[in-house]
Amino acid sequence: MNPIFKFEGIYTPVVTPYHEDGSVNWDALSDVIEYLITSGVHGLISGGSTGENYAQTVEERLELAKFTHAQLKGRLPLVVGTGAMLTPDSIALASGAREIGADSILLASPPYSVPTDRENALNALAIDKAADLPVMLYNYPHRTGTMMGEEFLDRVGRSRNFCGIKESSGDINRVHLLARDYPHIQLGCGMDDQALEFFAWGAPFWVCGGSNFLPEEHVALYNACVIEGDFAKGRRIMSAMMPLMRVLEQGGKFIQTIKHGVTMNSIEAGAMRAPLKGLNKDDKRALEQVTRVLKKTIADIVAEKKIGG
Numbered sequence: 015m016n017p018i019f020k021f022e023g024i025y026t027p028v029v030t031p032y033h034e035d036g037s038v039n040w041d042a043l044s045d046v047i048e049y050l051i052t053s054g055v056h057g058l059i060s061g062g063s064t065g066e067n068y069a070q071t072v073e074e075r076l077e078l079a080k081f082t083h084a085q086l087k088g089r090l091p092l093v094v095g096t097g098a099m100l101t102p103d104s105i106a107l108a109s110g111a112r113e114i115g116a117d118s119i120l121l122a123s124p125p126y127s128v129p130t131d132r133e134n135a136l137n138a139l140a141i142d143k144a145a146d147l148p149v150m151l152y153n154y155p156h157r158t159g160t161m162m163g164e165e166f167l168d169r170v171g172r173s174r175n176f177c178g179i180k181e182s183s184g185d186i187n188r189v190h191l192l193a194r195d196y197p198h199i200q201l202g203c204g205m206d207d208q209a210l211e212f213f214a215w216g217a218p219f220w221v222c223g224g225s226n227f228l229p230e231e232h233v234a235l236y237n238a239c240v241i242e243g244d245f246a247k248g249r250r251i252m253s254a255m256m257p258l259m260r261v262l263e264q265g266g267k268f269i270q271t272i273k274h275g276v277t278m279n280s281i282e283a284g285a286m287r288a289p290l291k292g293l294n295k296d297d298k299r300a301l302e303q304v305t306r307v308l309k310k311t312i313a314d315i316v317a318e319k320k321i322g323g
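Read in the working numbering, the sequence shown has 47 at position 33, and its numbers run on one by one without any break.
Below, the structure written as structure tokens:
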């Protein structure tokens, strides 16, 4: 069964730039969107956790999604996040995504309540009904407390809208299960340090926060593995990216690190909303050093083919 929508390439969960008073910096958000388009990513996600959705009201999230859709002007597909603790909030976000003309929704398990597979599936189907758009599932049990198990996948599979999954469990056996037993749900990488393994198992897309500030380097890995099928080259690129993965996951500073990366590209990403605080000088220095080496190494790898003809 062919999916109704093909998720292919690098999907960036867009950061939300803020002014110091916590209001959205719309000019900076516009700059981020334009930068990502010109840098070659394949789709954008509005309202993901990288965009600090947990610190935003439903109304703010819909306003951000509407702005992003208008800015894109159809140049890239837009996925709108619907993750929320309350089902009515998720349904409102799903309905809003449909109204603004989004291409797809991102659907996660509701955090904290820890529903059963059956309860989780019924919740997902209610959100799906409100949107009636292609769905990218988001399995992130470390954040939600709930694994999207086989009963869940079987139940939601009754709707053709469920055609992709961002798998962020970190369990490589889940990659095997999804690739072998659920081929009708496109497999997407949601664990950055496993991107090479996901691509080896046929994943056609990667949702990666780091692509907010290193889009070309993330696209380079996708191109090597998926477009060229050159996994020897892919391993070299992935090896160059591994120090970045370690920096991004340093003690719960993922969003702060990505926002500083965006600021390094001369786009003022601003502060985080509470409870998060910015990076200290040592953290910034570490990211700047890792980024400098990574960019040069990957640029050299990509240039080799061009030099060789």
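Heads up, the beta-carbon is just placed ideally off N, CA and C, and yes, glycines get one too.
As the structure is a computational prediction, the values presented were derived from the model and not from experiment.
Per-residue burial, A106 [other beta carbons within 10 Å of its own, 16 or more giving buried]: Residue mapping note: residue 106 aligns to position 92 of the sequence shown, counting from 1. Under this definition A106 is a buried residue.
How many angstroms separate the CA atom of A84 from the CA atom of A116? Working through the sequence shown from its first residue, we reach residue 84 at position 70. Working through the sequence shown from its first residue, we reach residue 116 at position 102. Approximately 10 angstroms between the Cα atoms of the pair.
Could you check whether F213 and C222 sit closer than 9 angstroms to each other, using their CB atoms as the reference points? By 1-based counting over the sequence shown, the position of residue 222 is 208. By 1-based counting over the sequence shown, the position of residue 213 is 199. In this structure, F213 does not lie closer than 9 angstroms to C222 by Cβ.
For E181, three-class secondary structure by DSSP: As a position in the sequence shown, residue 181 is number 167, starting the count at 1. It is a strand residue.
Could you pull out every residue in the same chain whose Cβ sits closer than 6 angstroms to the Cβ of G62, ignoring the five residues on either side in sequence? Counting from one through the sequence shown, the residue named residue 62 turns up at place 48. Answer for G62: P27, G95, listed in chain order.
Evaluate H190 with the Cβ neighbour count: other Cβ atoms within 10 Å of its Cβ, from every protein chain shown; 16 or more gives buried, anything less gives exposed. Position 176 of the sequence shown holds residue 190. It counts as exposed.
What number of angstroms, rounded off, separates the C-alpha of S104 from the C-alpha of P197? In the sequence shown, residue 104 corresponds to position 90, counting from 1. In the sequence shown, residue 197 corresponds to position 183, counting from 1. Roughly 27 angstroms between the two C-alpha positions.
Just the C-alpha distance for G216 and N16, rounded to the nearest angstrom, thanks. Stepping through the sequence shown from its first residue, residue 216 is reached at position 202. Stepping through the sequence shown from its first residue, residue 16 is reached at position 2. Answer to the nearest angstrom: the Cα atoms are 15 angstroms apart.
Less than 8 angstroms separating the Cβ of S123 from some heavy atom of the ligand ZN? This structure lacks the ligand ZN, and indeed carries no ligand of any kind.
Give the straight-line distance between the Cα atoms of T311 and E165, rounded to the nearest whole angstrom. Here residue 311 corresponds to residue number 297 of the sequence shown, with the count starting at 1. Here residue 165 corresponds to residue number 151 of the sequence shown, with the count starting at 1. Whole-angstrom Cα-Cα distance: 44 angstroms.
As assigned by DSSP and simplified to three states, the class of P27: Within the sequence shown, the letter at position 13 stands for residue 27. P27: strand per DSSP, three-state reduction.
On the three-state DSSP scale, how would you describe Y154? Taking the first residue of the sequence shown as position 1, residue 154 is located at position 140. If DSSP states are grouped into helix, strand and coil, Y154 belongs with coil.
Please go through the same chain and pick out, in chain order, the residues whose beta-carbon is closer than 8 angstroms to the beta-carbon of G65, but skip the five residues on each side of it. Taking the sequence shown and counting its residues from 1, the one referred to as residue 65 is at position 51. If we look at G65 and ignore the five residues flanking it on each side, its Cβ neighbours are P27, V28, V29, T30, I59, L78, G95.
Taking V307 as the reference, give the member of M255, E282, A238 with the closest Cα. Numbered from 1 along the sequence shown, position 293 holds the residue referred to as residue 307. The residue with the shortest Cα to Cα distance from V307 is M255.
Helix, strand or coil: how does DSSP classify L201 here? Taking the first residue of the sequence shown as 1, we reach residue 201 at position 187. Strand at L201.
Can you tell me which residues form a DSSP beta bridge with Y49? Along the sequence shown, read from residue 1 onward, the residue named residue 49 stands at position 35. The partner list for Y49 (beta bridge, DSSP) is empty, contrary to what the question assumes.
Delimiting residues of the alpha helix (DSSP H) encompassing L192: In the sequence shown, counting from the first residue as 1, residue 192 sits at position 178. Here the alpha helix (DSSP H) through L192 covers 186-195.
Assign A288 to one of three DSSP states: helix, strand, or coil. Numbered from 1 along the sequence shown, position 274 holds the residue referred to as residue 288. Residue state, collapsed to three classes: coil.
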